[in-house]
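Colleague: 4 is the number of the first residue of the sequence shown in the working numbering; add one for each residue after it. This structure is in structure tokens; I'll ask about it shortly.
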Amino acid sequence: MASQVLVAANRGPLSYALTDDGTLSARRGGGGLVSGLSAALARQPEALWICAALSEADREAVRRGVSEPGVRMLDIDPTMYDDAYNGIANSVLWFTHHHLYDVPREPVFDAAFRRRWESYTAYNLAFARALAQEAAPGAAVLVQDYHLALVPGQLRELRPDLRIAHFTHTPWASREFLDMLPEDVREQLVRGMLGADVVGFHTRAWADAFVAAAGPEEAGRVAVFPLGVDAEELRGLAYRPEVDEKLAALRAEVGDRKTIVRVDRTELSKNILRGLLAYRELLTAHPEWRDRVVHLASAYPSRQDLKVYRDYTAAVSELAAEINAEFGTEGWQPVLVSVQDDFTRSLAAYRMADVALVNPVRDGMNLVAKEIPVVSESGVSLVLSTGAGAHEALQADALTVNPYDVSATATALHEALSLPGEDREARTKRLSAAATTLPPSAWFEAQLSALTR
Numbered sequence: 004m005a006s007q008v009l010v011a012a013n014r015g016p017l018s019y020a021l022t023d024d025g026t027l028s029a030r031r032g033g034g035g036l037v038s039g040l041s042a043a044l045a046r047q048p049e050a051l052w053i054c055a056a057l058s059e060a061d062r063e064a065v066r067r068g069v070s071e072p073g074v075r076m077l078d079i080d081p082t083m084y085d086d087a088y089n090g091i092a093n094s095v096l097w098f099t100h101h102h103l104y105d106v107p108r109e110p111v112f113d114a115a116f117r118r119r120w121e122s123y124t125a126y127n128l129a130f131a132r133a134l135a136q137e138a139a140p141g142a143a144v145l146v147q148d149y150h151l152a153l154v155p156g157q158l159r160e161l162r163p164d165l166r167i168a169h170f171t172h173t174p175w176a177s178r179e180f181l182d183m184l185p186e187d188v189r190e191q192l193v194r195g196m197l198g199a200d201v202v203g204f205h206t207r208a209w210a211d212a213f214v215a216a217a218g219p220e221e222a223g224r225v226a227v228f229p230l231g232v233d234a235e236e237l238r239g240l241a242y243r244p245e246v247d248e249k250l251a252a253l254r255a256e257v258g259d260r261k262t263i264v265r266v267d268r269t270e271l272s273k274n275i276l277r278g279l280l281a282y283r284e285l286l287t288a289h290p291e292w293r294d295r296v297v298h299l300a301s302a303y304p305s306r307q308d309l310k311v312y313r314d315y316t317a318a319v320s321e322l323a324a325e326i327n328a329e330f331g332t333e334g335w336q337p338v339l340v341s342v343q344d345d346f347t348r349s350l351a352a353y354r355m356a357d358v359a360l361v362n363p364v365r366d367g368m369n370l371v372a373k374e375i376p377v378v379s380e381s382g383v384s385l386v387l388s389t390g391a392g393a394h395e396a397l398q399a400d401a402l403t404v405n406p407y408d409v410s411a412t413a414t415a416l417h418e419a420l421s422l423p424g425e426d427r428e429a430r431t432k433r434l435s436a437a438a439t440t441l442p443p444s445a446w447f448e449a450q451l452s453a454l455t456r
């Protein structure tokens with residue numbers, strides 16, 4: 004049956020597990036975006052989510068014809084997928100949009116790159132063909148993120164009757180970095196995006212950067228949809244018994260000291276190392292905070308199949324250990340770092356945070372900056388870098404820092420720790436209100452409405 008509303012994304016709302024006896028079972032994905040999109044799609048008749056089969060169990064489910072209502076997985080050749088996902092999306096487009104290149108050495112666009120770009124084009128075309136096959140006449144199609152930047156243009160050629168939106172969850176590169184791409188690749192990228200009727204971004208800054216690349220005549224189709232937090236859902240998750248247990252354990256470890264909390268993937272753009280350096284400088288420049296503060300750093304391992312990410316994750320652990328060795332005492336460990344994916348611990352840290360440190364060099368949005376004020380128990384001071392997309396909405400009540408300025412970040416941490424309780428609580432209320440303006444379901448509906456206008 005053809006669908007009236009379709010979502011296309013690299014990752015789907017569920018994944019499969021394969022037991023030893025060959026039984027397949029489906030598990031719903033987590034995270035606010037998946038939950039919000041799933042809830043919004045549930046209200047749409049004949050809606051369909053098209054995604055890639057990411058694991059061998061997912062691919063086996065596709066081969067057996069196993070599917071869940073409202074979801075279609077695509078069995079992409081694993082080599083093609085690796086070239087498209089790791090070789091282009093995560094190693095080229097991510098680095099370009101986040102300005103992460105070590106320019107004396109990177110990027111290098113050679114024959115291997117061209118092979119991977121062909122895989123990226125073919126990967127996008129697989130999605131475009133599936134969407135063309137599944138969409139009802141005049142259907143609305145919402146394509147998600149930089150993994151599928153070529154899909155709108157490809158789909159437009161296959162089905163000119165469709166209403167197409169594309170949303171980019173990353174920043175959009177400045178011209179300086181975008182112009183590093185080979186000219187034909189850059190043109191394909193922008194032209195692919197312009198196949199959409201509506202091209203969406205989290206912030207005006209990223210939208211303006213895209214218009215600078217596409218041309219001012221395209222500004223009318225570029226829109227801003229700043230993704231927010233579902234307060235009710237997040238508070239429900241944060242106040243479960245298992246989170247209470249983690250919170251009690253953390254409080255026992257921290258004692259009556261203040262806490263500086265950060266929660267990130269060990270992603271190069273998140274700027275974890277400079278954050279740790281700023282904390283070390285805080286303890287050096289303001290020795291009065293020694294034994295009176297603990298830095299709770301959750302650093303989820305990210306993209307460990309890429310060496311640069313493995314090295315970065317190791318460097319985070321090493322720097323935390325150096326700080327503990329330099330300043331720690333028998334009764335005080337200055338940094339409690341967790342390099343594992345433990346969302347329950349993160350939620351507990353959210354609730355007890357006196358200061359939240361969110362200092363990415365460049366980030367499409369950064370929902371952590373919005374989540375912590377929503378679940379804070381007694382008010383939180385937010386130290387937020389100008390590189391976070393969330394800065395656009397939260398800057399009035401945050402302590403703003405240049406993400407590269409370690410000394411300024413250390414000063415901001417001191418100011419945040421020193422804020423009077425009433426000031427902190429008032430800021431937290433305003434931050435929470437700003438953070439929940441456009442929760443995931445409303446964010447999705449806003450894009451759908453933009454397509455129907």
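Glycine included, each C-beta is placed from N, C-alpha and C at the ideal position.
Give the range of the beta strand (DSSP E) segment to which Arg31 is assigned.
Modeller: Leu27 to Arg31
Colleague: Return helix, strand or coil for Phe330, following the three-state DSSP convention.
Modeller: Helix.
Colleague: In three-state DSSP terms, what is Trp175?
Modeller: coil
Colleague: Apart from the five residues just before and just after Met355, which ones in its own chain have a Cβ nearer than 7 Å to its Cβ?
Modeller: Leu250, Leu253, Arg254, Thr262 and Glu380
Colleague: Helix, strand or coil for Ser6, going by three-state DSSP, please let me know.
Modeller: Here Ser6 sits in strand by DSSP.
Colleague: What is the rounded straight-line gap between the Cα of Gly223 and the Cα of Pro72?
Modeller: 36 Å
Colleague: Can you tell which of His394, Gly278 and Glu137 has its C-alpha closest to the C-alpha of Ser320?
Modeller: Gly278
Colleague: Report the start-end ranges of each alpha helix (DSSP H) in the region 17 to 96 that is 4 residues or longer and not cut off at the edges.
Modeller: Entirely contained in the region 17 to 96, the alpha helix (DSSP H) runs reaching 4 residues are, in chain order, 35 to 45, 59 to 67 and 81 to 85.
Colleague: Give the range of the alpha helix (DSSP H) segment to which Thr412 is assigned.
Modeller: Val409 to Ser421
Colleague: Tell me which residue opens and which closes the beta strand (DSSP E) that Thr403 is part of.
Modeller: Leu402 to Val404
Colleague: If you compare alpha carbons, which of Tyr315, Val188 and Arg433 is closest to Val377?
Modeller: Arg433
Colleague: DSSP three-state label for Arg265, please.
Modeller: strand
Colleague: Using beta-carbon positions only, say whether Val227 and Phe213 come within less than 8 Å of one another.
Modeller: no
Colleague: Check whether the Cβ atoms of Arg14 and Cys54 sit closer than 8 Å, and answer yes or no.
Modeller: yes
Colleague: Rounded to whole angstroms, what is the Cα-Cα separation between Leu103 and Val266?
Modeller: Distance between the alpha carbons of Leu103 and Val266: 20 Å.
Colleague: Sort Val311, Val264, Glu329 and Glu236 by Cα distance to Glu270 and report the nearest one.
Modeller: Val311
Colleague: Roughly how many angstroms separate the alpha carbons of Ala139 and Ser452, rounded to a whole number?
Modeller: 18 Å
Colleague: Tell me which residues share the same chain as Arg30 and place their Cβ nearer than 8 Å to its Cβ, disregarding the 5 neighbours each side in the sequence.
Modeller: Leu17, Ser18, Tyr19 and Ala20
Colleague: Can you give me the C-alpha to C-alpha distance between Asp78 and Ala56, rounded to a whole angstrom?
Modeller: 5 Å
Colleague: Over the uninterrupted alpha helix (DSSP H) stretch that includes Ser349, give me the two end residues.
Modeller: Phe346 to Met355
Colleague: So, does the region 170 to 188 touch the region 202 to 216, judging by three or more C-beta pairs under 8 Å?
Modeller: yes
Colleague: Where do the ends of the beta strand (DSSP E) carrying Arg166 lie?
Modeller: Arg166 to Phe170
Colleague: Hey, which unbroken runs of the beta strand (DSSP E) at 3 residues or more fall wholly within the region 361 to 388?
Modeller: 384 to 388
Colleague: Looking at C-alpha atoms only, which residue of Gly25, Leu192 and Ala419 is the closest neighbour of Ala176?
Modeller: Leu192
Colleague: Of all the options Tyr84, Gly68, Met4 and Asp24, which has the alpha carbon lying nearest to the alpha carbon of Pro48?
Modeller: Met4
Colleague: Assuming contact is defined by CB atoms lying nearer than 8 Å, are Leu397 and Ala419 in contact in what I supplied?
Modeller: no
Colleague: Starting from Ala391 and walking both ways along the alpha helix (DSSP H), at which residues does that stretch end?
Modeller: No alpha helix (DSSP H) contains Ala391, which DSSP labels as neither H nor E.
Colleague: Which parts of the region 283 to 340 are runs of the alpha helix (DSSP H), unbroken and 4 residues or longer, counting only runs that do not cross its ends?
Modeller: Runs of the alpha helix (DSSP H) inside the region 283 to 340: 310 to 330.
Colleague: So, using beta-carbon positions, are Leu441 and Leu230 closer together than 8 Å?
Modeller: yes
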